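Worksheet: the structure to be examined is printed underneath.
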Ligand SMILES: [Zn+2]
């Protein structure tokens, strides 16, 4: 986690603006002490002392911390962004970055591997109750530039929720929207003879893969300028269920066929 409470005055502070001399620091969720880490390589952060029983900051990788800080720092420069906060508490979840963008309250949640689709649904429903639009953002993966990609459960969920788009962090406040199109597999034709001597053949056609999709990236979009609020009613399709929610979606027209 990038923020903690400075114990003596209970003020929320950023790790990069804190010194060891300001200790002790505590976790806003569990109130236990957290330790400030200020190395030369990793982003400055706070960490629970073991054994860790608190969910705050759990499953955050270095890339996750960098994405959070990158978004926060970039949004801080935009005149239409108000009430910007890192790691803002909303009861059952802590938004990685929260801001009011051109008047729309937005919670930006960066996906971490430990979070299940059930968690994503619960958090999304909670933001809806609070009147906040949510934007789930994935961390980029080299595999996405290939023609064949196997989306995970959360990516399939986001694709269904965000009208056929999944967002990935690029740099600063720049995101990349990716659409997953059908992936066709050619089934080779084969011929064989049955015991009675009859010739049989199969294959020689294309089928659509259930597991694989072909990613199509849109143009880069800016969090502070290229998005709008979208209301969505509860929706179920196949194995994906999306609750009634407020989403933050980009305004670029459909770029896939
Ligand atoms: Zn904690």
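In my numbering, the protein residues as written are 125 to 381. Note that CB positions come from ideal geometry on N, CA and C, so glycine has one too. Given the structure is predicted, the values throughout are model-derived calculations rather than measurements.
Asked                                                                                                                             : Found
Whole-number beta carbon distance between residue 227 and residue 296, since they are thought to touch under 8 Å                  : Incorrect: roughly 22 Å between the Cβ atoms, too far for contact.
Assigned exposure category for residue 374 - 16 Cβ within 10 Å defines buried                                                     : buried
Bridge-paired residues (DSSP) for residue 125                                                                                     : Paired residue(s): none; residue 125 is not in a bridge.
Whole runs of the beta strand (DSSP E) within the region 137 to 166, excluding any shorter than 3 residues                        : 157 to 161
Length of the line joining the Cα atoms of residue 152 and residue 290                                                            : 31 Å
Beta-carbon contacts of residue 324 that lie in its chain and below 8 Å, excluding the five residues immediately before and after : 315, 316, 317 and 318
Element boundaries [beta strand (DSSP E), containing residue 179]                                                                 : Careful: residue 179 lies outside any beta strand (DSSP E) and carries neither H nor E.
Buried/exposed call for residue 339, threshold 16 Cβ in 10 Å                                                                      : buried
beta-carbon residue 181 near ligand 1 non-hydrogen atom, thresh 8 Å                                                               : yes
Where the beta strand (DSSP E) containing residue 329 begins and where it ends                                                    : 329 to 346
Local conformation of residue 283 per DSSP, three classes                                                                         : helix
Touch test, the region 156 to 170 against the region 178 to 187, Cβ-Cβ under 8 Å, three pairs minimum                             : yes
N- and C-terminal bounds of the alpha helix (DSSP H) containing residue 244                                                       : 241 to 253
Cβ-heavy atom distance, residue 172 to ligand 3, below 8 Å                                                                        : This structure does not include ligand 3; its bound ligands are ligand 1.
Beta-bridge partners of residue 325, as assigned by DSSP                                                                          : 315
Cβ-heavy atom distance, residue 236 to ligand 1, below 8 Å                                                                        : no
Unbroken beta strand (DSSP E) run spanning residue 97, endpoints                                                                  : Past the boundaries of the shown model lies residue 97; the chain is included only from 125 to 381, so the question cannot be answered.
Option nearest residue 204 by Cα separation, candidates 218, 223 and 214                                                          : 223
Inter-residue spacing [alpha-carbon to alpha-carbon] between residue 416 and residue 262                                          : The displayed coordinates of the chain run from 125 to 381. Any statement about residue 416 would go beyond what the structure contains.
Nearest residue (CA-CA) to residue 192, options 231, 370, 365 and 257                                                             : 231
Beta-carbon separation (whole angstroms), residue 258 vs residue 233, contact threshold 8 Å                                       : 6 Å
Distance between residue 378 and residue 275 (C-alpha atoms, nearest Å)                                                           : 20 Å
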